[in-house]
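Asker: Handing you a structure now.
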Amino acid sequence: MAQQYLDHCKEILTSPRSTFKAGSKGSGLISLFGYQNNYDLREGFPLLTSKKMYSDGIIHELIWFMRGDTNIKYLEDNGVSIWRRDAFQHNISGMVEEGIFPKDLPK
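Numbering-wise (the working numbering), the sequence shown opens with residue 179 and increments by one.
In structure tokens:
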């Protein structure tokens, strides 16, 4: 599984069909449309070992998704903060659209 992922990364970096999009602060995104990896889950779960993974966060996020929850409180209560910024921006956007302007925004 890890070798398939590494081969995929190499293909993205070397393919003439790959595209680059510049990001903010000197970052960027390289992508290759339509590339797929398939894994036989009978052989194991395809968790990447070539980078550090937060397994507790993965488990709690999966539980949150499977419950169909849309409130990040469960995630926050379990130390998963990856959704915090998106949830905050989504709520602020909705408040602005509805003409609600909170006096004290969380930092």
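Even for Gly, the Cβ is constructed at its ideal location relative to N, Cα and C. Being a predicted model, the structure only gives us computed values, none of them experimental.
(1) What are the start and end residues of the beta strand (DSSP E) that includes Ser209?
(2) Among the residues of its own chain, which have a CB less than 8 Å from the CB of His186, if the five just before and after it don't count?
(3) What did DSSP end up calling Thr192 once you bin it into helix, strand or coil?
(4) With C-beta atoms as the reference, is Leu225 less than 9 Å away from Ile236?
(5) For Ile250 and Arg262, which I take to be in contact (beta-carbon distance under 8 Å), what is that distance rounded to the nearest angstrom?
(6) Helix, strand or coil for Phe198 per DSSP?
Answerer: Taking the structure as given:
(1) Run containing Ser209: Gly206 to Ser209, per the beta strand (DSSP E) assignment.
(2) Closer than 8 Å at the Cβ level, and outside the excluded window around His186, lie Tyr213 and Asn215.
(3) The three-state secondary structure of Thr192, taken from DSSP, is helix.
(4) Contact: yes.
(5) Their Cβ separation, rounded to whole angstroms, is 7 Å, which keeps Ile250 and Arg262 in contact under 8 Å.
(6) Of the three classes helix, strand and coil, the one that applies to Phe198 here is strand, per DSSP.
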